[in-house]
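Following: one structure in C-alpha cells, then a few remarks.
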Amino acid sequence: MSALTLAFALICTIFPLPLISSEDLSTNYEYFTADGITSGLNADQRDFLLNGKTITIFSGAFHYFRVHQSQWRDRLRKIRAADFNTVETYVPWNLHEFQSGVYDFGKGGSDFEAFLNIEEFLKTAQEEDLFVLVRAGPYICAEWEFGGLPSWLLREDGIKFRSSDPIYLKYVERYWNQLLPILEPLQFTKGGPIIGLQVENEYGSTGNNDSAYLEALVKLYRDNGIKELLYSSDSPFSGTRGSLPDELLLTANFNSDASKNLNELDSLQPNRPSMTMEYWSGWFDHFGETHHIVDVDTYSRIYEDILTHPASVNIYMFVGSTSFGFVNGANMGTMGRDNSGLEPDITSYDYDALLTEAGEITAKYNATAALTAKYNPVKTKLPQIPETPERVVFDDIKIEEQLLLSEIIDDFPKKIESENVVPMELLDINNKSGQSYGYIVYRKTDLNLNANAELLIKGYVRDTVLVLVNGNLINSVPTSKDALDQFGFWKLANSSITLTKTALKGATLDLVVENNGRNNFGNLDQFYQFKGLTEEVTIDGETVKNWQIVPLEFKRSWNQQLSGWHEIKERNAVPALYRVTFSAKAPLRDTYINVQDWRKGIVIVNGFVLGRVFAIGPQQALYLPAGLLIEGDNEIIVFEHFSAPEYVKFSKDVIWGVGTHIQ
Ligand SMILES: *[C@@H]1O[C@H](CO)[C@@H](O)[C@H](O)[C@H]1NC(C)=O
Ligand SMILES: *[C@@H]1O[C@H](CO)[C@@H](O)[C@H](O)[C@H]1NC(C)=O
Ligand SMILES: *[C@@H]1O[C@H](CO)[C@@H](O)[C@H](O)[C@H]1NC(C)=O
Ligand SMILES: *[C@@H]1O[C@H](CO)[C@@H](O)[C@H](O)[C@H]1NC(C)=O
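Below, the structure written as C-alpha cells:
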C-alpha cells in the first residue's frame, strides 16, 4: 500500500466517503492477469482459482438479447460499479437460428438483429473489466419462448427435446458448430473474458436422466476448442441427476435458505467451490398476476448468507430487461399439460432486479454494492455509476388511421389452401421453417349457416381465438380477469360459440388464433408446444374442410409495407390496427407507452413488435428504449383485438396494475 493510499484509507475511516476507488488500485484484469495467463478458472479445491489466484465470483445475470445493443455498455458498467467482477449471460438459440440453417449473430437481418451481436457483447464486457460466464444452453429456460428452442424443431415428428435423441442432437450440433467458433477465441486462456460455460440448464428438473445427452454437449464444447471450466446448474435437492459429477461443477439455484441449499450442494461435492448460479433477486410475472416484488431486507439477508457461507454468486437477475416481440415464455401450470394450465409471461422482464427494466439504480442495487464491498476481499478500481438519462413523455396522439383485421385478411396475397386446420409450425413458409410467432388465421368462405349455427373447436385453442363472421366479431369483449375462463381463451376444452342468430348464405368465417408464448420449463413434450389449431373444427356437428390459412407474423418488413389506412370506421368490438406518427428529436430518450386504455393486442414501433398488451395486467406500460426510435417521424401501430381508445399515450414510468376497462 503506498503512502497515498494509506492516507486515503485513514481519511476514509474518519470521514466515511462513498466508495471512490483510488487510482492506484489495479483493474480486475490487471489483478488476475498482470503476469500473463497460464490457467483458467479452476474448481479442484474449496476455493475457485483464476490464473492461480483465489477468486470469489461476484456475477450479475444480464440477457443481452433482452436489452438493445446501444445500452449494453451502460448496464455492464453498472454491474462493474457494484464491485462485481463477472457478468453471466444465456444464449437464445431461437433468435440466433431464426430459420432452420439461417443464422443471425448481429448482422443476419432478422428483426432482432440489434440484440444479437454476442461477440460485440462479450468484447464490451471485457472492455468494462468483467469476466463472463456463458450459459449456451441449448435449452435456457429464462421465461423465454420454448426455453430458447426454435419452433421449427417441432416439424420433426417424434423429436425428443433435451435428450440424446439423434434428431434433436443433429440440430444442436449444427447450431453449436456456428455458435462455439464465435466463443472459442474469447476464452479467458486465449485472452478473452469467458471463464466458464454451462451445460444445459436445470436438467435435473426434467426427469429425463439422460447423461448421454449431457456427455454429447460436453463433447461438442470440447470438439469446438472450448477449454474453460464447464458446470451445471440445478436445485441442489435434484441431486446430481442434472449433471455429470466427474466432469461438471455442480452449482445451486434458489432464493431462500442459503445455508440449507449450499450445505446440500457441498455434501454432493465436498472438495469443490460453492457457487449459487441463480440467486433470484425477484421473480417474473404471468398475465393476470400481481407484479412480483422481493423486499430489499429479505433479499439482502439471503445475499449476505450466501457470501458468508462462503460462496460465489450470480444474481439472477442483476439487469431487469424485456422480452420484446413475441418471445416471452410460459409455464404449463399445475393443471397438467393440456394448455388449460397455460400461464404466459408478460413482456416486461423487470424481475424486480437490481437494475430496473429501464436501467435505473434501485435500493436493491445499493444494498448489493454495500454488501459486496464488505465481503469482496479483492479491492480493484471501480468505475463511477453511469447516469441514467431522464425519460421523455411525448404528447398524447389522437388516432386517425385504421385498418380492419378483416381487410388485412381479405387483401393478404398468398393464402395457403389446406384441407384441415394445421398448427402454425407446419405451414410451408419461411424456407420450410413454418411460422414461429404471432397469429394464424383460418378462413372458410361460402358457408351456408343455419340460424343459431354452433361452432365447436375441438381440443384447446392455442392460445386465444377471435371469431369473425363476415368481418364482425362474435366474441364478447373481456371486462374482468374471469374472461380467461370463457370462450376465446386457452382454458376451455372443446369450446363452442353461436355464430349467427339468423340463417346466412355465403358467409365468411375467420378464426384468428394467437400464440401467447410456448412453455419454457420441464421436458417440453412436443405435442403441447404446437400453436394455432391442432384438432377439428365443426359447425352444427359437421367437420369444416378446405380452409384458407393466413400467417400473420407481424415481421418488420411486412408491418412497414401495410397500406390502405383509412379514417376510423368503428372502434368498438372490432379487431383492427391503429396507426399514429410522432416526431422525436435528438438526443433520443427512452419512454414508456401507456397501454392502460387498451384491451388486448400488440404494439409495434417503427416495424418492430415492442410487446404484448393485456388489460388483465399486471403490465400497463411498455418500455420503449431510445435505440428503437429515430430522429424525425416515428410510427406506432397497435393491433387491438377488441375495442380501442381515442389516443396513444406515453408514460415516464412503468405502470403496474390492471387496465381501465377491467373491474
Ligand atoms: C434455406 O434453408 C437452408 C438450410 O435449411 C439454408 O442453407 C438456406 O440459406 C436458406 N435459404 C434462405 C433464402 O434463407
Ligand atoms: C430419474 O431419476 C430419479 C431419481 O434418481 C427417479 O426418481 C426417476 O424415476 C428417474 N427417471 C427416469 C425417467 O428414469
Ligand atoms: C443509491 O445510492 C445513491 C448514492 O448513495 C443514492 O444517491 C441513491 O438515491 C440510492 N438509490 C436508491 C434507489 O436508494
Ligand atoms: C373433447 O371432446 C372429445 C369428444 O369429441 C372427448 O373425447 C374429450 O375428452 C373432450 N376433451 C375434454 C378435455 O373434455
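My numbering applies: residue 184 is where the sequence shown begins, and numbers increase by one.
Idealized CB from N, CA, C, for every residue including glycine.
Pull every residue with its beta-carbon under 5 Å away from any heavy atom of ligand 3, and keep them in chain order. Listed along the chain, these residues meet the criterion: 546, 549.
Same chain only: Cβ atoms within 8 Å of residue 259, ignoring 5 sequence neighbours per side: 245, 270, 307, 308, 311, 313
I'd like to confirm something about residue 309: is its beta-carbon nearer than 7 Å to some heavy atom of ligand 1, or not? no
Say yes only if the C-beta of residue 738 is nearer than 7 Å to one or more non-hydrogen atoms of ligand 4, and no if none qualify. no
So residue 174 is in the beta strand (DSSP E); what residue range does that whole segment cover? Any property of residue 174 remains undetermined from this structure, which presents the chain solely from 184 to 846.
Does the Cβ-Cβ distance between residue 795 and residue 785 come in under 8 Å? yes
Given the structure, does residue 677 come close to ligand 4, in the sense that its CB is under 7 Å from one of the ligand's heavy atoms? Proximity of the beta carbon of residue 677 to ligand 4 is indicated: a heavy atom of the ligand is located closer than 7 Å.
The beta strand (DSSP E) with residue 837 in it runs from where to where? From DSSP, residue 837 is part of no beta strand (DSSP E); its letter is neither H nor E.
Near ligand 1, which residues have their beta-carbon less than 5 Å from any of its heavy atoms, given in chain order? 283, 284, 285, 614
Cα separation between residue 330 and residue 423? 22 Å
Residue environment, residue 536, which counts as buried when at least 16 other CB atoms sit within 10 Å: Under the 10 Å beta carbon count, residue 536 is surrounded by 16 or more other beta carbons and is classified as buried.
Alpha carbon of residue 804 to alpha carbon of residue 414, nearest angstrom: 38 Å
Three-state secondary structure (DSSP) at residue 303? helix
Could you tell me the distance, in whole angstroms, from the CA atom of residue 666 to the CA atom of residue 622? 20 Å
Could you give the DSSP three-state label for residue 829: helix, strand or coil? DSSP places residue 829 in coil when its eight states are reduced to three.
Ignoring anything shorter than 3 residues or poking outside the stretch 321-405, list the beta strand (DSSP E) runs there in chain order. The qualifying runs are 377-381.
Can you tell me where the alpha helix (DSSP H) with residue 260 in it begins and where it stops? 255-264
Give the straight-line distance between the Cα atoms of residue 440 and residue 485, rounded to the nearest whole angstrom. 7 Å
DSSP three-state assignment for residue 590, whether helix, strand or coil: helix
Report the partner residues of residue 527 according to the DSSP bridge assignment. DSSP lists 513 as partners of residue 527.
So, with DSSP's three-state summary, where would you put residue 444? DSSP, read as helix, strand or coil, puts residue 444 in helix.
Residue 405 versus 711, 770, 430, 732, residue with shortest Cα-Cα distance: Of the candidates 711, 770, 430, 732, 430 places its Cα closest to the Cα of residue 405.
Taking the C-alpha atoms as reference points, what is the distance between residue 305 and residue 317? 10 Å
Quick one, are the C-beta atoms of residue 389 and residue 700 less than 8 Å apart? No, Cβ-Cβ distance for residue 389 and residue 700 is not below 8 Å.
Check residue 204 in the structure and name its three-state DSSP category. Note on residue 204: pLDDT 48, under 50, position unreliable in the model; the coordinate value appears next. The answer is coil: DSSP assigns residue 204 none of H, G, I, E or B.
Reference residue 437, options 327, 418, 237, closest by Cα: 418
Tell me whether residue 641 counts as near ligand 4, meaning its Cβ is closer than 7 Å to at least one heavy atom of that ligand. The answer is yes for residue 641.
Distance, residue 779 Cα to residue 291 Cα: 35 Å
Would you tell me roughly how many angstroms separate the C-alpha atoms of residue 368 and residue 842, rounded to the nearest one? 49 Å
Hey, how far is the Cα of residue 399 from the Cα of residue 300? Distance between residue 399 and residue 300, taken at the CA atoms: about 26 Å.
Within 10 angstroms of the Cβ of residue 280, are there 16 or more other Cβ atoms? Answer buried if so, exposed if not. buried
Cβ-based burial, residue 193 [other Cβ within 10 Å; buried from 16]: Residue placement at residue 193 is flagged as unreliable, the pLDDT there being 41, under the threshold of 50; a coordinate-derived value is accordingly withheld.
Quick one: what's got a C-beta closer than 8 Å to residue 204's C-beta in the same chain, skipping five residues either side? Low local confidence applies: a pLDDT of 48 at residue 204 is under 50, so the model's placement there is unreliable, with the coordinate-based value given in what follows. Around residue 204: 562, 563, 564, 565.
Beta-carbon proximity list for residue 590, same chain, < 6 Å, skipping 5 on both sides: none
Around the Cβ of residue 741, are there at least 16 other Cβ atoms within 10 angstroms (buried) or fewer (exposed)? exposed
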